[in-house]
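Colleague:
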Amino acid sequence: MFASSRLRARFVVPGLFGLSLAVSGLVLPVAHAEDDDVIAAEDEDAPKDAAAIKIELKQESGKVLKYDGAVLDWGADGNVEFKADNHVHDVALRVDRGEGEGKTIQLTVGYTRDGKSIIEDHTVSSEIKKREVIRIEGGIAIAITVTPKPSKATPPPEETKPSEKPDETPDEPSEPPAPKKRKIEGGDSDDPLDGLR
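No gaps in the numbering here: position 67 of the sequence shown is 57 in the working numbering, and each next residue is one more.
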């Protein structure tokens, strides 16, 4: 009698649960996304890249000062200031990207040393990854190389995948594990090395 009631309980409970899920699925409203909504969401979540800038300054003495690692947003004004050769060098930059993801860029560069303007703001057309050199009289020159740098956006959370291997951990060990050390039995003497012979 107990066996048949347990058997019925095993089939009745999942059957009722499945039936309730099916009915709730028929009753719930369905939402549809329009094409415009999907495109707007992709634009908002798309990672944007920035401009990684390498600067080379040639001084009157012929010495070249290099600065690598400046990162600016496209179309944003920025300054790169560093100390070298007993001077404070300040390079004003603006990098505007052409239409779309093209290679053409507009560089606006200005240079001051110790607060004195050496190169007034000057705009030149260039390309991504091309070394653009601006020279002035007196032997001073500035070279700018711009490369796109992808921003570090947070990756979407990964879904956990079920393990394809069955769980191999036994519930109860069949026999106790063997001891890893063996005990050395010695005689009744006080000699600590007794039994090792």
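Just so it is clear, CB atoms sit at the ideal spot from N, CA and C, and this is done for glycine as well. Being a predicted model, the structure only gives us computed values, none of them experimental.
Would residue 129 pass as a contact of residue 56 if the rule is Cβ separation under 9 Å?
Modeller: no
Colleague: Taking 9 Å as the cut-off, decide whether the C-beta atoms of residue 121 and residue 98 are in contact.
Modeller: no
Colleague: For residue 133, which three-state DSSP category applies?
Modeller: Of the three classes helix, strand and coil, the one that applies to residue 133 here is strand, per DSSP.
Colleague: Can you check DSSP and say which residues form a bridge with residue 106?
Modeller: Residue pairing by DSSP places residue 106 opposite 103 in a beta bridge.
Colleague: Keeping to the same chain, check which residues put their C-beta closer than 7 Å to that of residue 126; ignore five residues upstream and five downstream.
Modeller: 109
Colleague: Who are residue 167's beta bridge partners in DSSP?
Modeller: Per DSSP, none; premise fails for residue 167.
Colleague: Within the continuous beta strand (DSSP E) that includes residue 122, where are the two ends?
Modeller: Counting along the chain, residue 122 sits inside the beta strand (DSSP E) bounded by residues 121 to 125.
Colleague: Could you name the residues of the same chain whose beta carbon sits closer than 6 Å to that of residue 78, not counting the 5 residues immediately before and after it, in chain order?
Modeller: 104
Colleague: Just to confirm, is the Cβ distance from residue 139 to residue 74 under 9 Å?
Modeller: Their beta carbons are not under 9 Å apart, which means residue 139 does not touch residue 74 by this criterion.
Colleague: With residue 132 and residue 45 assumed to form a contact (beta carbons below 8 Å), what rounded beta-carbon distance in angstroms separates them?
Modeller: 7 Å
Colleague: So, helix, strand or coil for residue 96, using DSSP?
Modeller: strand
Colleague: Measure the alpha-carbon distance for residue 192 versus residue 170 and round it to whole angstroms.
Modeller: An answer regarding residue 192 cannot be provided, because it is not within the stretch -9 to 187 covered by the chain.
Colleague: Given residue 58, which residues of its chain have a CB within under 7 Å of its CB, disregarding the five upstream and five downstream residues?
Modeller: 44
Colleague: Per DSSP, which residues does residue 40 bridge with? Please list them.
Modeller: 139
Colleague: In the DSSP assignment, find the unbroken beta strand (DSSP E) run with residue 59 in it and report its ends.
Modeller: 54 to 62
Colleague: Take residue 87 and list the residues in its own chain whose beta-carbon comes closer than 6 Å to its own, dropping the five residues that flank it on each side.
Modeller: 64 and 95
Colleague: Would you mind stating whether residue 114 and residue 101 have Cβ atoms separated by less than 9 Å?
Modeller: Contact flag unset, no.
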